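Numbers 2 to 184, taken from the numbering used here, label the letters of the sequence shown in order.
Comments concern the structure below.
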Amino acid sequence: MDLEQRVADLELRLAALERRETGETGRRPAPPADTDTDTAAGTDGGDTFWALNGFKERLAVLGAADGGVLFTGDVRLPTGERYEWQFGALTEDLLDRDWTAVSDGLAALGHPVRIRLLREILGGRRTAAELAELDGLGTSGQIYHHLRQLTAAGWLHTAGRGRYAVPPARTVPLLVAFLTAQP
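Structure (structure tokens):
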């Protein structure tokens, strides 16, 4: 991550802390009734685009004329683990990056067994033995193959004693990737 992106990320985090400190919720008045909200998951009863509007304000402060992308989440897993995550990037930076550098990470998500393994691991099944008990995942050798692929791509790490876990910094991005792939 380059210096400009790190500064932008820190400014986004600072703005969130300042809003939390002053009690601002980041909510805006509800949009007009004829606003297209089909693609916005506005479940707070307020402005459907409250996160987007706050992000646009921050982009304006940064002078980012080409905009940017933000994803965020507050997740509690069935295991009780909780992760808060926010990441933003400027459009210019994203378009300038080498997109082929992420092909292995995306390819690792492109297999139904790997997707199921990730879901099961997030749900609390952490060892290959626990995963091998599930139907439809293949032999233990096949499961280990898929676990190695996910580990090599950074979607998993070993947590000691044959246990696997999704790294905390990859939990919300994984859920975002799943969400964005929905038909």
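We put the beta carbon where it would ideally sit given N, CA and C, even for glycine.
The structure displayed is predicted, hence computed values, not measured ones.
- The residue from 142, 93, 146 and 119 with its alpha-carbon nearest to that of residue 157 is 119.
- For residue 176, the closest C-alpha among the options 55, 93 and 72 is that of 72.
- For residue 166, the three-state secondary structure derived from DSSP is strand.
- For a cut-off of 8 angstroms, the C-beta gap from residue 153 to residue 122 is around 15 angstroms, too long to register as a contact.
- Per DSSP, reduced to three states, the secondary structure at residue 126 is coil, with no helix or strand assignment.
- Nearest in C-alpha terms to residue 136, of all of 117, 104 and 80, is 117.
- Beyond the five residues adjoining it in sequence on each side, residue 124 comes within less than 7 angstroms, by CB distance, of 79 in the same chain, given in chain order.
- Exclusion of the five residues before and after residue 92 leaves 67, 68 and 69 as the residues of its chain whose Cβ lies within less than 6 angstroms of its Cβ.
- Among the bridge pairs identified by DSSP, residue 85 is matched with 75.
- Membership of residue 49 in any alpha helix (DSSP H) is not indicated, and neither H nor E is assigned to it by DSSP.
- For residue 106, the enclosing alpha helix (DSSP H) has its first and last residue at 104-109.
- In the structure shown, residue 146 falls within a helical segment according to DSSP collapsed to helix, strand and coil.
- In the DSSP assignment, residue 69 is bridged to 91.
- Cβ atoms of residue 56 and residue 106 stay farther apart than 8 angstroms, at about 24 angstroms.
- Judged by DSSP in its simplified three-state form, residue 140 adopts coil rather than helix or strand.
- Here DSSP, grouped into helix, strand and coil, assigns residue 159 to strand.
- Here the region 109-116 lies against the region 134-150, with 3 or more beta-carbon pairs under 8 angstroms apart.
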